[in-house]
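In this note's numbering, the protein residues as written are 2 to 495.
Where a beta carbon is used, it is the ideal one built from N, C-alpha and C, also for glycine.
Since we're looking at a predicted model, the values are computed, not measured.
Below: one structure, written as structure tokens.
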């Protein structure tokens, strides 16, 4: 049976993982199977990556740009493959999951479990390489550990769990219970779905859309590729290659996902990928590990209010710069506590009614091309700036209040907890995020106290027209006096 995915093996697989040496020894048979399906595995081999477990290394010296590994696209498990499946596609066509591709991949994994040894992917999914420890899947952590994770990072832990439950409920009501012969409860239970979903988050890599302009990279499960460990500065990258026709239209190769060297590598050098441009808290939530050192940064999320009278106009502004109005994350750090794009986003959230109705003119089509890159990068009005800064301050105050304990507790946990424990991982992230969010809070407080010293849109506009704004009563009285003198000298030479 398929280890970890089949019910009879699931619990054992999540509580006791074979020794690294056993898992390394299981990679060559898996590589032979990938090669038999049309892949190229000649440049990679498995190795013991110490605390990281199993990893891939270069089998020989390669140059930057060389292909390291090629896996046929038909071996990938993706949302697209689930929707194109003759069996699953018809059932999932109306599924619009909160967790997007990951929930489709989870259903596809459960379907492979249902197929058992009849699955075309059984040589991969039955390999001990596929085994994952429970402490590597945060969705399956005990409730106490999940509570500590929620109180250690601004990453959306609670939202992730609620979204997983909501996706399962939709599937249960609309798919599983409607076709129990196809989706038996023994395989498609809530516990099994959460397990498969945890695997999807933990094992997926992001594959760029080959040749399709503007499409984002999508998560995919791929044999062998999943064994690449994470690095902030990776030695390899992934590319999708489309089908290649043979001579005179005969033969040729199907599409594949290729691992390519990012630098010259020697034999034995680790092959690593950057799993995601994410904070350590986000990586912990998705993959269950913390890469050290842990930089002092945190990701905060904001969105435009659904009932904003100018919602559509703001969506258009954000889409022009590749940002989301529903939920957009911004990384704040000790070195850069208030990124310019975060401030621009906060200003846009409060542009126009009900917060600052007098600023709504900036949302007119006339300003569309310049609004984000010019006007929102600077204070718009005192009222708008105050509302924007307060929105940011409320968010960081909430994030700080959510963090468990204090700095002393963080440092004590880091000193005493075993490095592989959940407590250590959470403390490392919590200490780093506390520093980042505290820096942002201090910066926002200082900015709120300096509103009177800022230059706003109207002042900048007057300067551009070589006009000086009237700012004091003395200046206003001087203008009145000049006006009276002009009206008194009313003798004109006609």
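Residues that residue i bridges to, as DSSP identifies them
i	result
residue 105	DSSP, once it has assigned bridges, lists no residue as partnering residue 105.
residue 240	259
residue 73	257
residue 245	254
residue 164	DSSP output for residue 164 lists no bridge partner at all.
residue 231	274
residue 353	357
residue 221	206
residue 266	63
CA nearest to the CA of residue i, picked from the options
i	options	result
residue 103	222, 31 and 151	222
residue 341	96, 389 and 160	389
residue 409	436, 395 and 387	436
residue 129	27, 83, 220 and 208	27
residue 314	280, 334 and 351	351
residue 277	92, 287 and 463	287
residue 202	79, 299 and 113	79
residue 100	297, 219, 119 and 462	219
residue 89	116, 462 and 374	116
residue 210	344, 81, 402 and 434	81
residue 121	143, 176 and 76	76
residue 191	371, 162 and 233	162
residue 374	357, 356, 434 and 349	349
residue 405	123, 224, 50 and 145	145
Beta-carbon separation (whole angstroms), residue i vs residue j, contact threshold 8 Å
i	j	result
residue 1	residue 282	One cannot answer for residue 1 here, as it falls past the ends of the chain, which runs 2 to 495.
residue 62	residue 45	Residue 62 to residue 45, Cβ: 13 Å. No contact.
residue 239	residue 206	6 Å
residue 458	residue 376	6 Å
residue 310	residue 354	5 Å
residue 339	residue 441	6 Å
residue 235	residue 275	5 Å
residue 110	residue 229	About 20 Å; that fails the 8 Å criterion.
residue 54	residue 21	6 Å
residue 334	residue 293	Not a contact, Cβ separation roughly 16 Å.
residue 258	residue 241	6 Å
Heavy atom of the ligand COA within 7 Å of residue i beta-carbon
i	result
residue 359	The ligand COA is absent from the structure shown, which contains no ligands of any kind.
>> Under 8 Å: do the stretch 323–331 and the stretch 295–306 share three or more Cβ pairs, one atom per stretch?
In response: yes
> Which runs of the alpha helix (DSSP H) spanning at least 4 residues fall entirely within the stretch 298–339, listed in chain order?
Replying inline: 312–321
>> So, does the stretch 27–39 touch the stretch 62–78, judging by three or more C-beta pairs under 8 Å?
In response: yes
> What are the uninterrupted segments assigned as beta strand (DSSP E) that are 3 or more residues long and contained completely in the stretch 375–436, given in chain order?
Replying inline: Counting only runs of at least 3 residues, the stretch 375–436 fully encloses no beta strand (DSSP E) element at all.
> Of all the beta strand (DSSP E) runs that stay within the bounds of the stretch 28–86, which reach a length of 3 or more residues?
Replying inline: 45–49, 55–59 and 68–73
> Is the stretch 88–97 touching the stretch 171–181 in the sense that three or more CB pairs, one from each, lie closer than 8 Å?
Replying inline: yes
>> Quick test of the definition: if touching needs 3 or more C-beta pairs under 8 Å, does the stretch 133–146 touch the stretch 251–269?
In response: no
>> Assess contact between the stretch 417–428 and the stretch 376–390, defined as three or more Cβ pairs (one per stretch) separated by less than 8 Å. Is contact present?
In response: no
> For the 8 Å Cβ check, are there 3 or more pairs between the stretch 178–187 and the stretch 149–163?
Replying inline: no
> Quick check: the stretch 318–326 against the stretch 447–460, are there 3 or more CB pairs under 8 Å?
Replying inline: no
> Hey, is the stretch 355–363 in contact with the stretch 393–407, meaning 3+ C-beta pairs nearer than 8 Å?
Replying inline: The stretch 355–363 vs the stretch 393–407: no contact.
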